[in-house]
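According to the numbering used here, the sequence shown is numbered sequentially starting from 1.
Written out below as structure tokens is the structure these notes cover.
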Amino acid sequence: RSLEEDRIGGTELHFKNYRKGATFLVFFAVFSSTSSWDWLMSIDVHWFSTLFGWYTFAGMWCSTMVVIVLTTLYLKKLGYLKKVNDSHIHDLGKWTFATSFLWSYLWFSQFMLIWYANIPEEVTYYQMRIENFKFLYFAMFVINFAFPMLLLMSRDAKRHAGILTLVGLIILTGHWLDVYIMVSAGSLGSNAHLGVLEVGMALLVAGLFIYVVLNNLTKAPLTPVNHPFLDESVHHEI
1 RSLEEDRIGG TELHFKNYRK GATFLVFFAV FSSTSSWDWL MSIDVHWFST
51 LFGWYTFAGM WCSTMVVIVL TTLYLKKLGY LKKVNDSHIH DLGKWTFATS
101 FLWSYLWFSQ FMLIWYANIP EEVTYYQMRI ENFKFLYFAM FVINFAFPML
151 LLMSRDAKRH AGILTLVGLI ILTGHWLDVY IMVSAGSLGS NAHLGVLEVG
201 MALLVAGLFI YVVLNNLTKA PLTPVNHPFL DESVHHEI
């Protein structure tokens, strides 16, 4: 329907897409949480956390914002997306900054509550990760929290393509480490190690993702010329 809207214009198809998008968000909120329980939390059989679904959702949201930022900056550098101005880039930088803080807040909330309660069935989750991945575990938190906070604090930094690209790559690395530790600590324990296979598979998946995204971007115009709110979006100054 999005391609059809590009050809026809008007508001009918736009609001149909709007309603479908809102419906999808409800299902995504539910299934992203249940999937994280089945695929990640269940690895540590006797452990559970009511914050875990929100925590993984925040990680996905932050990573998605970074991918949007990197894709936008790359296409703009190649001469596309000429209607995207510094204010649009600034907004993307603010979303990256905000979602990083949301993830950090949920990470600390989960850690603090379990540490304070000190219930054996719950603290084993962190005990395994701190004992076997002490450096990586806390480095992952610093990467995902401290770097975005320090580098994106100023207004100018959120508009600077080089800084946004650097922060984006750092955040993606940090969230990959987060998922790696979530999986490896529960499945391999002290036998886990970060080696060529783990890094190679991550790069392979990233390469396939980039290929699919860029290939699909060539099949349709990048600017929705008949979108009913295009002019309102273009004239954006902050």
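Backbone N, C-alpha and C fix where the C-beta goes; we use that ideal spot for every residue, glycine too.
- Given a length threshold of 3 residues, the region 127-178 has no whole run of the beta strand (DSSP E) inside it.
- For Lys82, there is no enclosing alpha helix (DSSP H), as DSSP marks it with neither H nor E.
- The beta-carbon distance between Ile170 and Ile143, rounded to whole angstroms, is 6 Å. This is short enough to meet the 8 Å contact definition.
- The beta carbon of Pro221 is closer than 8 Å to those of Asp6 in its chain, skipping five residues each way along the sequence.
- Of the residues Ser233, Thr50 and Leu25, the one whose Cα lies closest to the Cα of Ser36 is Thr50.
- Assigned with DSSP and collapsed to three states, His14 falls in helix.
- Setting aside the 5 residues that flank it on each side, Ile8 is surrounded in the same chain by Asn226, each with a C-beta closer than 8 Å to its C-beta; the list follows chain order.
- With the rule of 3 Cβ pairs closer than 8 Å, the region 154-166 does not count as touching the region 123-134.
- A straight line joining the alpha-carbon of Ala202 with that of Leu230 spans about 37 Å.
- Under a 10 Å Cβ-count criterion, Met41 is classified as buried, with 16 or more other Cβ atoms of the shown protein chains found around its own Cβ.
- Assigned with DSSP and collapsed to three states, Pro120 falls in helix.
- Contact between Thr99 and Trp54 does not hold, since the beta-carbon distance rounds to 12 Å and is not under 8 Å.
- Cβ neighbours of Ile68 within its own chain (closer than 7 Å, five residues either side excluded): Leu92.
- Going by C-alpha positions, Phe15 is about 23 Å away from Lys83.
- Taking all protein chains in view, the Cβ of Gly200 is surrounded by fewer than 16 other Cβ atoms within 10 Å, so the residue is classified as exposed.
- Linking Phe28 to Trp115 through their CA atoms gives a straight-line distance of about 30 Å.
- The alpha carbon of Ala206 has as its nearest neighbour, out of Ser190, Thr218, Val183 and Thr173, the alpha carbon of Thr173.
- The beta carbon of Met65 sits closer than 6 Å to the beta carbons of Trp95, Thr96 and Thr99 from its chain, once the five residues preceding and following it are set aside; these are given in chain order.
- When only Cα atoms are considered, Ala146 and Leu75 end up about 28 Å apart.
- DSSP places Ala220 outside both helix and strand once states are collapsed to three, so it counts as coil.
- Under the DSSP assignment, Ile8 falls in the alpha helix (DSSP H) whose first and last residues are Ser2 to Ile8.
- Between Glu198 and Tyr180, the beta carbon gap of about 7 Å places them in contact (Cβ cut-off 8 Å).
- Taking the C-beta atoms as reference points, Ala192 is found nearer than 8 Å to Asn132.
- With a cutoff of 8 Å on beta-carbon distance, His175 and Ser63 are scored as near each other.
- Here DSSP, grouped into helix, strand and coil, assigns His90 to helix.
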